[in-house]
Amino acid sequence: MSTHEPILRESATFDRLTIQEIQRAAETGIYDIRGGGTKRRVPHFDDLLLLGSSMSRYPLEGYREKCGTDVWLGTRFAKKPLHLKIPVTIAGMSFGSLSAQAKEALGRGATIAGTSTTTGDGGMTPEERGQSQTLVYQYLPSRYGMNPDDIRKADAIEVVLGQGAKPGGGGMLLGMKVTERVAGMRTLPIGVDQRSASRHPDWTGPDDLAIKIAELREITDWEKPIYVKIGATRTYYDVKLAVKAGADVIVLDGMQGGTAATQEVFIEHVGIPTLPAIPQAVQALQEMDMHRKVQLIVSGGVRTGADVAKAMALGADAVSIGTAALIALGDNHPNLDAELRKIGSAAGFYDDWHEGKDPAGITTQDPELSKRLDPVLAGRRLANYLSVLVLEAQTMARACGKSHLNNLDPDDLVALTVEAAAMARVPLAGTKWIPGQNGSGY
Amino acid sequence: MKTIDLSTASVRELNQALHEQHKQLTERDWVIAHPAGKHNIAVGIDEPLKIDIQGHAGYYCAGMNKKADVVVHGNVGVGVAENMMSGSVLVKGNASQSAGATGHGGLLVIEGDAGARCGISMKGIDIVVKGNIGHMSAFLGQAGRLVVLGDTGENLGDSLYEVHIYVKGKVKSLGSDCIEKEMRPEHLSELAELLQKAGVDEDPKAFRRYGSARNLYNFHVDNAAAY
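In structure tokens:
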């Protein structure tokens, strides 16, 4: 008889996580819900590299020569396009999913940094409007809290067709977060499991959307930029149709983009990553002679200045952050590890944002938890983080010899993997090979 | 009284002229001639104006109306009075889909029929339809009252929250979680007031009341088939 410990072989198909999920499903009878974006490894900006300068290109001095960062959004039709100091905006996240303190902190941080923040599926709060110099108002299928006064108070309107975490899915806010204030803003009974519609109630296709956008322009006397936000799926066609419908700005959210609450199976199995979505959108815009005329904002997995630079090199005019902004505010901070373990998670892993038990006071409506978040301090942390993103992106752009972030282009990029080369449509490093396109490698 | 003729003026010029009244109210009574089914007529009004539209209107007529009283002497397209906040809209003809969608307040009266999804996601608006309404009406309705003198299409009140629905005619079928409810004195009184406001001479006792069973407010595995 052997004295060695037996080597247990874990099934690749039925691994421990899969077994646990089957057991959980059998016990509860309901799908798993969580926050955040996809956790699976997908081709991403990490699979691209920027080509710095040497002989054939010359760099800009890192600390002496300017590298511009500003961006205009909404120049196609709006009388009052937005002019942001940095090309990193804050993505739409609702009051309801987030505490009022978190929304205020996002506004404060964005304002310090000179960028915009965005409402979400629950209307506009005074805290958010008051602290956001530039605020984008989302126009969602649910139309919770939608009213013309807030539309007029907004600086831009974002018609939301979908988001990267759940293209084709509606909003979700479970009963534990539908407090008296949240319910009042959404005209819902307190404590209901709120499951929003996935389609708009009064238009169904691109021809209707054109009339809807015209209505919003009429209501606002053609002053405000109209964005159209899409989850990344059939991006080439969706972008063309959104532009045809009259969008000033396209917001493109890849599957790494976060959600407040969605079925795990939806997050992990629907939509495409950010990387292959960008070239599709840029191609659509270029074919319509609308690239740089209709601006492209990309979101879904932006974490560093390198990600910002790579997204812009692929053709984005700006990027948007959501999950990273929450982390900057204090989400999943190591100091919270002990408390997170009490609710079955740990710092760095917490994603049960729908339960409203966030010890950071961010993804909660519990007044005791919410007040833990100091909006001034958290706003400062966000501003610091935004500053780092921009400094990092500038560092890379200067190394590529660019005097403005928007001068980065696909020629500044190569791919580390065949998959990334095919998806991003840039050559595999050291070759001229772009899989799926003409030309031979060497 | 000021008349704007849409055979010569654009919808943009019309809406701008109406919005100028937000800054300084100089004219309460407006006539819109030759609307010819144009979209987005009289949207985003924020003053107690009286607006008379002398013909058919397209999509989103009187969209997001606040305070104004609008009369349409014809039919209207998709989303009449969508997201109305207050005031009133009276349609002399028929209305297409999504009439009064997401409306938060005010009174929408349709003298003819209304298409599918009448009152979809309504949030406090009152809607009175003298004719019939289409399928999936009051879908996800959150608050307000929907009164129908004629018949309804399939799946009335599907996934309803707290809308009160009163129907005099036949209901083809009820949607998920929508049930018939007892007509108590407070409902007869509420309905009588609504009918009177809408200028309808009907006996409230001739109507039946429908509302939410509230079984889907919180998820329960035994209700999964209803989703």
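Protein sequence lines correspond, in order, to chains A and B.
Start counting the first sequence at 1; every next residue gets the next number (the working numbering).
Start counting the second sequence at 1001; every next residue gets the next number (the working numbering).
Backbone N, C-alpha and C fix where the C-beta goes; we use that ideal spot for every residue, glycine too.
Any C-beta of chain A under 8 Å from that of residue i
{"i": "R1012(B)", "result": "yes"}
{"i": "L1194(B)", "result": "no"}
{"i": "T1008(B)", "result": "no"}
{"i": "L1140(B)", "result": "yes"}
{"i": "F1219(B)", "result": "yes"}
{"i": "Y1210(B)", "result": "no"}
{"i": "T1003(B)", "result": "no"}
{"i": "S1121(B)", "result": "yes"}
{"i": "T1152(B)", "result": "no"}
{"i": "H1104(B)", "result": "yes"}
Where residue i falls: helix, strand or coil (DSSP)
{"i": "R195(A)", "result": "strand"}
{"i": "K1023(B)", "result": "helix"}
{"i": "H354(A)", "result": "helix"}
{"i": "Y442(A)", "result": "Note on Y442(A): pLDDT 40, under 50, position unreliable in the model; no value is reported."}
{"i": "V160(A)", "result": "strand"}
{"i": "I230(A)", "result": "strand"}
{"i": "H200(A)", "result": "coil"}
{"i": "G305(A)", "result": "helix"}
{"i": "I1179(B)", "result": "strand"}
{"i": "L326(A)", "result": "helix"}
{"i": "L60(A)", "result": "coil"}
{"i": "M93(A)", "result": "coil"}
{"i": "S1212(B)", "result": "strand"}
{"i": "D1052(B)", "result": "strand"}
{"i": "R1145(B)", "result": "strand"}
is_contact[residue i, chain B] using C-beta, thresh 8 Å
{"i": "V390(A)", "result": "no"}
{"i": "S370(A)", "result": "no"}
{"i": "D366(A)", "result": "no"}
{"i": "E215(A)", "result": "yes"}
{"i": "S198(A)", "result": "no"}
{"i": "G171(A)", "result": "no"}
{"i": "V192(A)", "result": "yes"}
{"i": "T179(A)", "result": "no"}
{"i": "P146(A)", "result": "The displayed chain sequence assigns Met, not Pro, to residue 146(A). Yes, contact with chain B."}
{"i": "P206(A)", "result": "no"}
{"i": "T13(A)", "result": "no"}
Beta-carbon spacing of residue i, residue j below 8 Å
{"i": "L1108(B)", "j": "V1089(B)", "result": "yes"}
{"i": "A383(A)", "j": "A78(A)", "result": "no"}
{"i": "I362(A)", "j": "G330(A)", "result": "yes"}
{"i": "A210(A)", "j": "G246(A)", "result": "yes"}
{"i": "K166(A)", "j": "I321(A)", "result": "no"}
{"i": "L1228(B)", "j": "A1036(B)", "result": "As shown, chain B starts at 1001 and ends at 1227. That puts residue 1228(B) outside it, with no answer to give."}
{"i": "P435(A)", "j": "V414(A)", "result": "no"}
{"i": "H1073(B)", "j": "G1055(B)", "result": "yes"}
{"i": "S490(A)", "j": "S99(A)", "result": "This structure cannot settle anything about residue 490(A), because the visible part of chain A is limited to 1 through 442."}
{"i": "G37(A)", "j": "T323(A)", "result": "yes"}
{"i": "S94(A)", "j": "G122(A)", "result": "yes"}
{"i": "M1084(B)", "j": "G1105(B)", "result": "yes"}
{"i": "G92(A)", "j": "W353(A)", "result": "no"}
Closer than 7 Å: residue i CB and nearest the ligand GTP heavy atom
{"i": "A1033(B)", "result": "Of the ligands one can find in the structure shown there are none, so the ligand GTP has no counterpart to examine."}
Contact belief for residue i with residue j at Cβ below 8 Å, rounded distance in angstroms
{"i": "I1120(B)", "j": "L1140(B)", "result": "7 Å"}
{"i": "G1153(B)", "j": "K1181(B)", "result": "In fact, because the Cβ distance is near 20 Å, the residues do not count as touching under 8 Å."}
{"i": "V159(A)", "j": "K229(A)", "result": "7 Å"}
{"i": "A1198(B)", "j": "V1163(B)", "result": "Not a contact, Cβ separation roughly 16 Å."}
{"i": "K244(A)", "j": "P189(A)", "result": "Actually they are not in contact, since the Cβ atoms of K244(A) and P189(A) sit about 40 Å apart, beyond 8 Å."}
{"i": "I282(A)", "j": "H291(A)", "result": "Reading the sequence as shown, one finds Val at residue 282(A) and not Ile. Right, their Cβ atoms sit about 6 Å apart."}
{"i": "A1099(B)", "j": "V1080(B)", "result": "5 Å"}
{"i": "S1176(B)", "j": "D1158(B)", "result": "5 Å"}
Closest by C-alpha distance to residue i, when choosing among the options
{"i": "R1028(B)", "options": "G1157(B), V1070(B) and T1152(B)", "result": "V1070(B)"}
{"i": "V1031(B)", "options": "V1072(B), Q1021(B) and D1052(B)", "result": "D1052(B)"}
{"i": "R1117(B)", "options": "Y1210(B), P1048(B), H1135(B) and G1103(B)", "result": "H1135(B)"}
{"i": "G514(A)", "options": "R199(A), L173(A), L51(A) and A424(A)", "result": "Given that chain A is displayed from residue 1 to residue 442, the structure contains no residue 514(A) and the question cannot be resolved."}
{"i": "S1212(B)", "options": "T220(A), V192(A), R217(A) and G171(A)", "result": "V192(A)"}
{"i": "Q138(A)", "options": "G96(A), P148(A), T118(A) and R152(A)", "result": "T118(A)"}
{"i": "S116(A)", "options": "A346(A), A154(A) and A311(A)", "result": "A154(A)"}
{"i": "T69(A)", "options": "E104(A), S387(A) and T179(A)", "result": "S387(A)"}
{"i": "N1065(B)", "options": "N1075(B), P1048(B), G1058(B) and A1057(B)", "result": "P1048(B)"}
{"i": "D366(A)", "options": "L252(A), V182(A) and C67(A)", "result": "V182(A)"}
{"i": "P59(A)", "options": "D412(A), V418(A) and I213(A)", "result": "D412(A)"}
{"i": "N407(A)", "options": "E5(A), D32(A), V88(A) and A309(A)", "result": "A309(A)"}
{"i": "R1012(B)", "options": "D208(A), E218(A) and K39(A)", "result": "E218(A)"}
{"i": "M423(A)", "options": "R34(A), R9(A), G162(A) and L48(A)", "result": "L48(A)"}
{"i": "P201(A)", "options": "P334(A), G231(A), A156(A) and M146(A)", "result": "M146(A)"}
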